[in-house]
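Just so you know, the working numbering puts the end of the sequence shown at 79, numbered straight through with nothing missing. We put the CB at the ideal spot given by N, CA and C, even for glycine.
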Amino acid sequence: MKNWIETYQLENGDFDISDVNKELVSQIPSAIQMGKVYQRLIVDTALWNENYVDEIYRVYNSDICDIIDNYNCSAYYEPSYIIARAYQKGGF
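This is the structure we're talking about:
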C-alpha cells in the first residue's frame, strides 16, 4: 500500500460527501453504490495496454469525478454507458 501511495503520489483530500442540498438529495449513495459506479466506468473505458491500477488512477484523476461525486446532480445514477460516453467526451 505504501508503495502505491508513493508511486502515484496519493494524498488525503478534504471532500465532504455529506455537503448536499437536502431538498435535492434525500439519501447519499453508499460507498458500495459509488464503488460500483466507478468500477463500471473503469472497465468501460479500459485501454488495452493499461494495467488495472493505471486505469483506476486515470479515472479517479479525471474532471468527471467532480460531476459524478456531486450528489446534487443526477450524474451518479445515470446508466453506465452514459457515464462512459460523458467520460470519453470530457463531460455530461
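- Here the segment 48 to 66 makes contact with the segment 5 to 18; the two share three or more CB pairs at distances below 8 Å.
- By alpha-carbon distance to GLY77, the top candidate from ASP3, ARG27, SER49 is SER49.
- ILE(-8) sits in a helix when the DSSP states are folded into three classes.
- Around ILE55, the same chain offers ALA62, TYR63 as residues with beta carbons nearer than 6 Å, after the five sequence neighbours per side are excluded.
- Residue nearest to ILE4 within the set GLN75, ALA71, ASP53 is ASP53 (criterion: CA-CA distance).
- In its chain, beyond the 5 residues on either side, ILE29 have a beta carbon closer than 7 Å to the beta carbon of ILE43.
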